[in-house]
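Here the structure is laid out as structure tokens; the discussion comes afterwards.
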Amino acid sequence: MTQPLTAGVSLKPQHYADALACRAEGLWFEAHPENYMAAGGPRLAWLDAIARDKPISLHGVGLSLAADEAPDEDHLAALKRLVDRYQPALVSEHLAWSMRRGVYAPDLLPFPRTQAALARIADNVDRMQEVLGRRVLIENPSLYLPLEGHDLGEVAFLAALSRRTGCGLLVDVNNVFVSAHNLGFSAEAYLDALPAEAVGEIHLAGHAPDANADLLIDTHGAPVAEAVWRLYGRLIARIGQRPTLIERDDDIPAFQDLMAERERAHALLTRETVDA
Amino acid sequence: MPDGFHDRFLAAVGGDEAALAPWCAGPAASAGLAVYRNTTAKGAADALAAQFPTVERVVGPAWLAAAAVAHAADHPPRTASLLTYGEAFGGWLTTFPPAADMPFLADLARLDWLWTGAHLAADAPPLEATALARLTPESFARYRLVLHPATRFAGFDDGAPSLWQALQPPGDPPADLELGDAPEGLVFVRPGLDIDHRVIGAGTLAFLAGCGAGESLAAAAMDALAAEPGLDLSTVFAGLVAAGAFTELRTLS
Ligand SMILES: [Fe+2]
Chain A
11 MTQPLTAGVS
21 LKPQHYADAL
31 ACRAEGLWFE
41 AHPENYMAAG
51 GPRLAWLDAI
61 ARDKPISLHG
71 VGLSLAADEA
81 PDEDHLAALK
91 RLVDRYQPAL
101 VSEHLAWSMR
111 RGVYAPDLLP
121 FPRTQAALAR
131 IADNVDRMQE
141 VLGRRVLIEN
151 PSLYLPLEGH
161 DLGEVAFLAA
171 LSRRTGCGLL
181 VDVNNVFVSA
191 HNLGFSAEAY
201 LDALPAEAVG
211 EIHLAGHAPD
221 ANADLLIDTH
231 GAPVAEAVWR
241 LYGRLIARIG
251 QRPTLIERDD
261 DIPAFQDLMA
271 ERERAHALLT
281 RETVDA
Chain B
27 MPDGFHDRFL
37 AAVGGDEAAL
47 APWCAGPAAS
57 AGLAVYRNTT
67 AKGAADALAA
77 QFPTVERVVG
87 PAWLAAAAVA
97 HAADHPPRTA
107 SLLTYGEAFG
117 GWLTTFPPAA
127 DMPFLADLAR
137 LDWLWTGAHL
147 AADAPPLEAT
157 ALARLTPESF
167 ARYRLVLHPA
177 TRFAGFDDGA
187 PSLWQALQPP
197 GDPPADLELG
207 DAPEGLVFVR
217 PGLDIDHRVI
227 GAGTLAFLAG
237 CGAGESLAAA
247 AMDALAAEPG
257 LDLSTVFAGL
267 VAAGAFTELR
277 TLS
């Protein structure tokens with residue numbers, strides 16, 4: 011692709027026709043590889059069509075890199091087949107776990123950020139990059155549980171993981187905002203401490219208050235909040251332009267509504283490029 | 027710190043919150059664990075709702091979500107791709123007390139599951155009718171028909187297939203769910219990207235089953251006539267070929 015990636019949107023089945031027809035400059039699409047791990051059929055054909063003329067990002071949710079076991083080789087092999095087929099511009103996963111002794115919990119689960127966990131997860135990221143034959147980006151998850159026993163803060167942990175494995179970072183600004191609220195830290199200080207050169211992608215998404223407790227939930231079911239847009243502006247003012255996703259997984263709006271949010275990020279990014 | 031955080035975390039999400047005491051405790055722990063509990067349950071429920079849309083049309087989203095949570099306790103997902111999650115759901119529904127007054131629900135689930143199988147199956151060119159020109163009745167014993175990878179079929183003791191068809195969008199679901207007494211089968215075909223389905227009788231079902239088992243055309247035809255004496259086999263055969271149910275005509279070795 012000759013055009014640099016600016017702002018992208020999550021690819022949703024109900025938007026395939028609009029996504030295929032859209033000609034916006036710098037646009038790209040992000041898909042969950044788990045939704046395309048099929049032998050054949052219409053899903054793969056749709057993504058074939060999109061990938062023919064738009065950059066694609068494969069954003070995994072199920073490799074379970076923060077488990078205390080190695081990643082599932084069948085899952086990795088299926089991911090490798092998709093990477094080979096679609097030649098994505100970006101490949102990412104989460105700093106979280108979801109698989110335990112062959113049972114999958116469909117969530118992004120937390121863990122104590124110990125030195126032992128760092129060594130284990132670095133091995134798992136190494137394995138992922140070795141099988142895929144490319145660099146991947148690792149995303150900060152939303153946190154809901156105040157755990158004891160961390161050796162490292164999340165930024166220091168991600169920076170160390172990047173140094174050890176060569177992986178890049180996917181910074182989800184909404185997750186930083188949500189975690190900062192839930193665990194009581196400064197979102198600004200977190201973003202200011204991130205190693206700029208490691209950041210390869212940014213996520214923006216919506217959140218909602220929990221019904222029962224003073225917690226924010228990263229529902230991916232609402233427009234990006236103004237407070238998150240402000241944090242995003244602060245981050246790219248410091249580190250410069252990065253491919254930025256409007257991430258939406260629930261209560262999916264019309265394609266044009268998603269694109270309106272995407273245009274806002276695109277405008278900020280292209281303005282930033284001039285300065286950089 | 028003791029070892030075994032991951033196991034203890036799952037125990038805590040499962041309700042034994044004291045298991046996580048070395049790492050967190052108190053109201054903040056309960057509130058946070060409740061978020062993970064809800065998200066995990068919603069993940070299983072969303073996956074089953076996507077997989078069993080016809081069941082959801084009958085019982086509604088809330089009923090299906092509650093069933094999904096109970097089902098996940100017995101049959102948790104085994105892979106991170108949830109595209110093939112739910113294989114056991116149809117059978118499990120027959121043991122789920124709230125479904126007792128809807129005995130057809132398990133069959134609707136089995137049909138939704140066959141649809142998913144057709145949807146995700148490998149691509150292959152459908153067999154062209156012209157490929158059958160070399161066939162003569164005398165050669166039936168020397169050939170067999172290979173099913174298209176997306177072809178799925180099943181037989182039922184009642185009219186579940188017609189009920190399943192009546193429940194498909196875009197039309198509104200019927201106000202009264204009528205289940206016929208006569209046994210029916212249903213076949214799904216996907217010669218290209220679109221899935222088609224048709225209600226079939228015992229003879230067609232037996233013919234497809236024979237082909238799927240690798241029988242010769244002659245043997246599959248015998249099965250079909252045994253299951254449904256007087257069946258117009260040439261019409262059935264031509265209809266299945268035209269629908270794209272097969273991918274290849276192969277010589278028996
Ligand atoms: Fe994200």
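Order-wise, the sequence lines are chains A and B. Numbered according to our numbering, the first sequence spans residues 11 to 286. Numbered according to our numbering, the second sequence spans residues 27 to 279. The beta carbon of each residue, even a glycine, is placed where N, CA and C say it ideally should be. In this text, all values refer to a predicted model and were calculated from it rather than measured experimentally.
Contact note: A:N184 does not reach chain B at a C-beta cutoff of 7 Å; the least C-beta distance is about 15 Å. Its Cα nearest to that of A:R62, the residue A:Q97 stands out among A:R281, A:Q97, A:D28, A:H217.
For A:N192, the Cβ stays outside the 7 Å cut-off from all heavy atoms of ligand 1. For A:L153, the secondary structure class from DSSP, reduced to helix, strand or coil, is coil. Annotation for B:T110: no beta strand (DSSP E) segment contains it, and DSSP assigns it neither H nor E. Beta bridge pairing from DSSP links A:P23 with no other residue.
8 Å or more divides the Cβ of B:L257 from the Cβ of B:G181.
Relative to the non-hydrogen atoms of ligand 1, the Cβ of A:A215 comes within a distance shorter than 7 Å of at least one. Per DSSP, the unbroken alpha helix (DSSP H) holding B:D100 starts and ends at 87–100. Just so you know, the alpha carbons of A:E40 and B:T105 end up roughly 21 Å apart. For A:E149, the shortest C-beta to heavy atom distance toward ligand 1 is below 7 Å.
Apart from sequence neighbours up to five positions away, the residues of its chain that approach B:Y111 with a beta-carbon distance below 7 Å are A73, Q77, P103, ordered along the chain. Annotation: A:A190 has no Cβ neighbours in chain B at a cutoff of 7 Å; minimum Cβ distance is about 15 Å.
For A:S108, at least one C-beta of chain B is nearer than 8 Å to its own C-beta. At a cut-off of 8 Å, the C-beta of B:A93 has no neighbouring C-beta in chain A. Exclusion of the five residues before and after A:I249 leaves A206, V209 as the residues of its chain whose Cβ lies within less than 6 Å of its Cβ. Take B:L259, set aside five residues on each side of it, and the residues of its chain with a beta-carbon closer than 8 Å to its own are G229, F233, A247, A250, L251, in chain order. DSSP places A:E257 inside the beta strand (DSSP E), whose first and last residues are 254–257. The alpha-carbon separation between A:T229 and A:F187 amounts to approximately 13 Å. If you check each beta-carbon in the segment 149–160 of chain A against every beta-carbon of chain B, the ones closer than 7 Å belong to Y154, L155, P156, L157, E158, G159. According to the DSSP assignment, A:I246 belongs to the alpha helix (DSSP H) that extends over 236–249.
Between A:A55 and A:G18, the alpha-carbon positions lie close to 21 Å from each other. Among the CB atoms of chain B, one or more fall inside 8 Å of the CB of A:L225. Residues of chain B with a Cβ closer than 7 Å to the Cβ of A:G112 are, in chain order, R104. Residue contact check for B:R178 against chain A: no CB pair falls below 8 Å. Between the alpha carbons of A:L68 and B:A186 lies a gap of roughly 40 Å. With fewer than three CB-CB distances shorter than 8 Å, the segment 126–141 of chain B does not count as touching the segment 34–52 of chain A.
Between ligand 1 and A:E140, a heavy atom-to-CB distance of less than 7 Å is absent. Separation of B:A125 and B:L119 (C-alpha to C-alpha, rounded to the nearest whole angstrom) is 7 Å. For A:N45, the CB stays at least 7 Å from every heavy atom of ligand 1.
Under DSSP, the beta-bridge partners assigned to B:F182 are B:E210. For B:V172, no Cβ of chain A is located within less than 8 Å of the residue's own Cβ.
When DSSP states are grouped into helix, strand and coil, B:V215 belongs to the strand group. Between the segment 114–122 of chain A and the segment 84–99 of chain A there are fewer than three C-beta pairs closer than 8 Å, too few to call the two in contact.
The C-beta distance from A:E257 to A:H213 rounds to 5 Å, short enough to fall under 8 Å.
Of the other Cβ atoms in all chains shown, fewer than 16 fall within 10 Å of the Cβ of A:S196; this residue is therefore exposed.
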